[in-house]
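Heads up: the sequence lines are chains A and B, in that order.
Counting from 241, one number per residue, gives the positions in the first sequence under my numbering.
Counting from 241, one number per residue, gives the positions in the second sequence under my numbering.
Notes for the one structure printed next.
There are 2 protein chains.
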Amino acid sequence: IIVVEELTKIYKMETFELQALQNVSFKIYPGEFVSVMGPSGSGKSTLMNLLGCLDTPTSGRYLLDQQDVSMLKDNTLATFRNKKIGFVFQSFNLLPRLDAFQNVELPLIYAGVSRVERNEIVKQFLAKVGLEDRMHHRPNQLSGGQTQRVAIARALVNDPSIILADEPTGNLDTRSGEEIMQIFQTLNDEGKTIILVTHEHDISLHTKRILSFRDGQLVGDKKVENP
Amino acid sequence: IIVVEELTKIYKMETFELQALQNVSFKIYPGEFVSVMGPSGSGKSTLMNLLGCLDTPTSGRYLLDQQDVSMLKDNTLATFRNKKIGFVFQSFNLLPRLDAFQNVELPLIYAGVSRVERNEIVKQFLAKVGLEDRMHHRPNQLSGGQTQRVAIARALVNDPSIILADEPTGNLDTRSGEEIMQIFQTLNDEGKTIILVTHEHDISLHTKRILSFRDGQLVGDKKVENP
Ligand SMILES: Nc1ncnc2c1ncn2[C@@H]1O[C@H](COP(=O)(O)OP(=O)(O)OP(=O)(O)O)[C@@H](O)[C@H]1O
Ligand SMILES: Nc1ncnc2c1ncn2[C@@H]1O[C@H](COP(=O)(O)OP(=O)(O)OP(=O)(O)O)[C@@H](O)[C@H]1O
Ligand SMILES: [Mg+2]
Ligand SMILES: [Mg+2]
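Written as structure tokens, this is what we have:
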């Protein structure tokens, strides 16, 4: 479902070029549950932004569901992305003037879902992440972990076939983190493809394959024994 | 050095009152190394904001270095705080238009440190957190963990006697997290008082005492065996 070939991302700084990703190649099949690990600054979020069609590579190819993403025009790309991919950002990226309910509702509005149905779905997903009693809090009235959970609910609400989550448990206590992994596990059992960046070994053990990065390069790709 | 008595924080929402902290009392002596743990939403950041003099309690008393903080006027409070406390925020709170160097330099400018000296100190602290080659990147040109490390450097640069760190390793891989804990350990050996919020058990084992919270209340206070 995801094919990445020689994916490269270079940021042009004033006096030099910074190679954030260098010739990264791998394949991910439908229904896989993959973690992405590596040191701070090794290129994980850069990769996730490329996979999520939020950024374009400097060179290399990215095929999503056999479609070469670079061939898609902006609005086709946006629809393609909103329908197929749910993205949990490392820094959440919630809209500060909307409350939790409205933030989670947004992707459903873009997908043209009716108001009555949106109401149902948003409440259901906020309840899943334990935030039904925080629906009308805005992001600055939520704790760090609550904000993270709103971002997770928002990523799942359109029932995407691919979930990209960048450090989804970074601000969660162990138990809340386990609850989130349960949600991901259930989605994976339903056939969703899940790629999550994590620095926590315990979290990676819930997945079935670990892609390891260092200095912008893919340096490891192994199965998890007894996930 | 820190005495908290019946500290309470209530947020007034439209239809009800949310009790974020309820009658919290404890004492922390100079040179202690304490972790604060508890589920998402249990009041940890709210407590840290009160200890950091960034917010005022609804009721209760907070004595910092035997000074009742509620007695201080705004500018006295600000000077008191900037001199004594280094604060690492859960969401970093860097200034987006300044680069890493300028963000770390800011507390030194407020403290009236000369330009020549500031240059030295900022470079030294950015090197400590491994970011000497990212000095001129702005926050949106840094990885999540790099942004976190800039926030840590900024908190330490004025050599404060008290360090309050809210999830300082939440976005760091295990090794970078260990390097940060080494920095905190060295500062603690020098006599600094350190209070850090963490959800990671391994991180809490580096400290010597754990305060546990649940639903806004202090529910546990124990020593760490063999930190
Ligand atoms: N400005 C606010 N208005 C209303 N409620 C708030 C506000 N800030 C925080 N809260 C609520 O107070 C409670 C405690 O929040 P706090 O940020 O202290 O939690 P926390 O322990 O730091 O959680 P986390 O581990 O998720 O960061 C939460 O339930 C949160 O929803
Ligand atoms: N817009 C940008 N301009 C310049 N350099 C950038 C930019 N964005 C990221 N970088 C650099 O690219 C490298 C990879 O960043 P990336 O965010 O992918 O790392 P990461 O693996 O997600 O790290 P972390 O675990 O700390 O979140 C970093 O060294 C970072 O400084
Ligand atoms: Mg990242
Ligand atoms: Mg918090």
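Every residue gets a Cβ at the ideal spot worked out from N, C-alpha and C, and that includes glycine.
Small disclaimer: the values here were computed from a predicted structure and weren't measured.
Q. The alpha helix (DSSP H) with residue 417/B in it runs from where to where?
A. Element bounds for residue 417/B: 414 to 429.
Q | alpha helix (DSSP H) runs wholly inside the region 248 to 320 of chain A, at least 4 long, in chain order | A | Taken in chain order, the unbroken stretches of alpha helix (DSSP H) that lie wholly in the region 248 to 320 of chain A and span 4 residues or more are 284 to 291.
Q: Jot down the residue ranges of each uninterrupted alpha helix (DSSP H) in the region 335 to 403 of chain A, minimum 4 residues, whole runs only, in chain order.
A: Here the runs fully enclosed are 340 to 350, 355 to 368 and 384 to 396.
Q.
Following a CB-centred definition, is residue 386/A positioned closer than 7 Å to any heavy atom of ligand 3?
A. Because no heavy atom of ligand 3 lies under 7 Å away, the Cβ of residue 386/A does not count as near it: no.
**Q.** Any chain A beta carbon closer than 8 Å to residue 292/B
**A.** Chain A, which has no Cβ nearer than 8 Å to the Cβ of residue 292/B, makes this no.
Q: Mind checking which residues open and close the alpha helix (DSSP H) that includes residue 443/B?
A: Start and end: 441 to 444.
Q.
Just checking: is the beta-carbon of residue 404/B within a distance shorter than 8 Å of some beta-carbon in chain A?
A. Cβ-Cβ to chain A under 8 Å: no for residue 404/B.
Q. Does the Cβ of residue 388/B have 16 or more other Cβ atoms within 10 Å, making it buried, or fewer, making it exposed?
A. Counting the other CB atoms within 10 Å of its CB gives residue 388/B a total of 16 or more, which places it among the buried residues.
(Q) Can you give me the C-alpha to C-alpha distance between residue 343/A and residue 400/A, rounded to a whole angstrom? (A) Their Cα atoms are separated by approximately 17 Å.
**Q.** Closer than 8 Å to chain A by CB, residue 295/B
**A.** Residue 295/B does not count as touching chain A.
Q.
Would residue 407/A pass as an interface residue toward chain B - the criterion being a Cβ-Cβ separation below 8 Å?
A. Yes, residue 407/A lies at the interface with chain B (some Cβ there is under 8 Å from its Cβ).
Q) Is any heavy atom in ligand 3 found nearer than 7 Å to the beta carbon of residue 284/A? A) Here the distance from the Cβ of residue 284/A to the nearest heavy atom of ligand 3 is below 7 Å.
Q. Residue 415/A touches chain B at which residues, Cβ-Cβ below 7 Å?
A. The contacting residues are 279.
**Q.** chain B contact residues for residue 412/A, given Cβ-Cβ distances below 8 Å
**A.** Residues of chain B passing the Cβ test: 280 and 439.
(Q) Is the separation between the beta-carbon of residue 266/B and that of residue 458/B shorter than 8 Å? (A) It is a contact, given that the beta carbons lie within the stated cut-off.
Q. Is the region 348 to 365 of chain B touching the region 324 to 333 of chain B in the sense that three or more CB pairs, one from each, lie closer than 8 Å?
A. Contact between the region 324 to 333 of chain B and the region 348 to 365 of chain B is not established, with fewer than three Cβ pairs separated by less than 8 Å.
Q | Of the listed residues 392/B, 386/B, 271/B and 288/B, nearest to residue 261/B (C-alpha basis) | A | Cα-wise, what sits closest to residue 261/B is 288/B.
Q. Can you give the Cα-Cα distance for residue 277/A and residue 449/A, rounded to whole angstroms?
A. In a straight line, the C-alpha of residue 277/A is about 11 Å away from that of residue 449/A.
Q) Can you tell me whether residue 252/B is buried or exposed, with buried defined as 16 or more other CB within 10 angstroms of its CB? A) So residue 252/B ends up on the exposed side.
(Q) So, does the region 379 to 386 of chain A touch the region 277 to 286 of chain B, judging by three or more C-beta pairs under 8 Å? (A) They touch, by the three-pair rule.
Q.
Tell me the DSSP secondary structure of residue 324/A in three-state form.
A. It is helical.
Q: Determine the closest residue to residue 394/A out of 325/A, 356/A, 308/A and 320/A, with distance taken between C-alpha atoms.
A: Comparing Cα-Cα distances from residue 394/A to each of 325/A, 356/A, 308/A and 320/A, the minimum goes to 325/A.
Q.
Using C-beta distances below 6 Å, list every residue in its chain close to residue 250/B, excluding the 5 sequence neighbours before and after it, in chain order.
A. For residue 250/B, where only same-chain residues beyond five positions count, the Cβ hits under 6 Å are 257, 259 and 298.
(Q) So residue 386/A contacts chain B; which residues on that side make the cut at Cβ distance below 8 Å? (A) Within chain B, the residues near residue 386/A are 280 and 281.
Q: Starting from the beta carbon of residue 330/B, find every residue of chain A whose beta carbon is closer than 8 Å, and list them in chain order.
A: Chain order gives the chain A residues near residue 330/B as 384 and 411, where near means a beta carbon separation below 8 Å.
Q. Taking 8 Å as the CB-CB cut-off, is residue 285/B touching chain A?
A. Chain A contact via Cβ: present.
Q: Return yes when the Cβ of residue 413/B is within less than 8 Å of the Cβ of residue 379/A, no when it is not.
A: Contact flag unset, no.
Q.
Please tell me whether residue 243/A and residue 303/A are closer than 8 Å, where the distance is taken between their beta carbons.
A. Taking 8 Å as the Cβ cut-off, residue 243/A and residue 303/A qualify as a contacting pair.
Q. How big is the Cα-Cα spacing for residue 439/B and residue 309/A?
A. Cα atoms of residue 439/B and residue 309/A: separation of roughly 38 Å, rounded to the nearest angstrom.
Q) Beta carbon of residue 383/B: closer than 7 Å to some heavy atom of ligand 5? A) Inclusion of ligand 5 in the displayed structure is not the case, the ligand content consisting of ligand 1, ligand 2, ligand 3 and ligand 4 alone.
**Q.** The beta strand (DSSP E) enclosing residue 452/A, as first and last residue numbers
**A.** Boundaries of the beta strand (DSSP E) around residue 452/A: 449 to 454.
Q | Cβ-based burial, residue 411/A [other Cβ within 10 Å; buried from 16] | A | Around the beta carbon of residue 411/A, a 10 Å sphere encloses 16 or more other beta carbons of the protein chains shown; the residue is thus reported as buried.
Q) Would the C-beta of residue 339/A count as close to ligand 1, meaning under 7 Å from any of its heavy atoms? A) False, no ligand heavy atom lies under 7 Å from that Cβ.
Q: Assign residue 345/A to buried or exposed, taking buried as 16 or more other Cβ atoms, counted over all protein chains shown, within 10 Å of its Cβ.
A: So residue 345/A counts as buried.
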